[in-house]
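As you go down the protein sequences, you meet chains A and B in turn. FYI, the numbering for the first sequence is 1 to 106, going by my numbering. FYI, the numbering for the second sequence is 107 to 230, going by my numbering.
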Amino acid sequence: MSRSLLADRLTVLRTAFLKELCENRAELTNLLLQTGQAAPTGDAGKRLLALTHSLAGRAGIFGFPNLSDTAAGVHDLLETNGRDLRDAALTLISALTLVLDPPPRA
Amino acid sequence: MSLYRIIYADDEADIREIAALALEVDPGFDVMTCASGDAVLELAPRWQPHLILLDCVMPGLDGPETLKRLRQTPGVAETPVAFVTARIQSHEVAQLFMLGASGIVPKPFDAMTLAATVRQFLPS
């Protein structure tokens, strides 16, 4: 395996990862719409933990280190029950939006 | 050149693929991947790897539990094991070394330098 072939394959997988991020954002947005102002609980909490763990480990590999860092921080706080799920979901949606719809450079 | 057999275990399919490709940038590495700790315990005694890389957090058997069971498995009880983990707080790293880890690969890793990082965990 050459480095150029590795780079090519990384590009393909990165595209698939970005598509997955769109789905993650839609899922989180739907979750918040369903729960209204109440904090998501139960299965939603488990799903958020799994999602933040996955993003923390993977986003940086695809070139999104800030998303990895944010997801890792949210995951740690969720794990220690130090953050409510609604706040966690909003933080994650913001981080995903910065990757998917980056603000124009000044 | 010596060919080192390496097992990489991770429950995320895309990361397994990237890791295998990244490791095989080194022509001295032959890599097989596993999606779970159970799969590692099944493959390792047959394939006799020189190094096993374990994702710390996996459904079912996690990385540390997989290491404990490897240590009780004839033929691979002394095979070096390194963890791939996003948990890099110092006390957690210390726990992994106390379990017998040969090294830690921080996650996310850099695919372009992963092979060089892993080389240092191999027996000379």
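We treat Cβ as the ideally placed atom computed from N, Cα and C, and that holds for glycine.
With the criterion set as a beta carbon lying under 8 Å from some beta carbon of chain A, the members of the region 121-147 of chain B are ILE121, GLU123, ILE124, LEU127, ALA128, GLU130, VAL131, in sequence order.
Neighbourhood of GLY60/A in chain B, by CB distance below 7 Å: PRO214, in chain order.
In the DSSP assignment, MET204/B falls outside any beta strand (DSSP E) and within the unbroken alpha helix (DSSP H) covering 196-205. Comparing alpha carbon positions, the residue from SER230/B, MET138/B, ARG175/B closest to TRP153/B is MET138/B.
For GLY57/A, a Cβ of chain B is located within less than 8 Å of the residue's own Cβ. From the beta-carbon of ARG3/A, the residues of chain B found nearer than 7 Å are VAL131, MET218.
With respect to the 8 Å criterion, LYS213/B and ALA200/B are not classified as neighbours on the basis of their beta carbons.
Taking 8 Å as the threshold, the shortest C-beta distance from ALA72/A to chain B falls below it.
According to the DSSP secondary-structure assignment, ILE210/B is paired through a beta bridge with PHE189/B.
Annotation: ILE61/A is outside any beta strand (DSSP E) and is labelled neither H nor E by DSSP. Between GLU118/B and chain A, the shortest Cβ-Cβ separation is below 8 Å. Closer than 8 Å to the CB of SER54/A there is at least one CB belonging to chain B. One thing to note: ARG25/A has its Cβ within 8 Å of the Cβ of ILE93/A. When only Cα atoms are considered, ILE121/B and PRO165/B end up about 15 Å apart.
Taking ARG9/A as reference, the option from ALA217/B, ASP168/B, PRO133/B with the minimal CA-CA separation is ALA217/B. Interface criterion met: the Cβ of VAL163/B is under 8 Å from a Cβ in chain A. An exposed status is given to CYS22/A, since fewer than 16 other beta-carbon atoms sit within 10 Å of its beta-carbon. Under the rule that a run must span 3 or more residues, the beta strand (DSSP E) segments found entirely inside the region 135-192 of chain B read 135-140, 157-161, 187-191.
Of the residues assessed, LEU55/A falls on the buried side of the cut-off, its CB having 16 or more other CB atoms within 10 angstroms.
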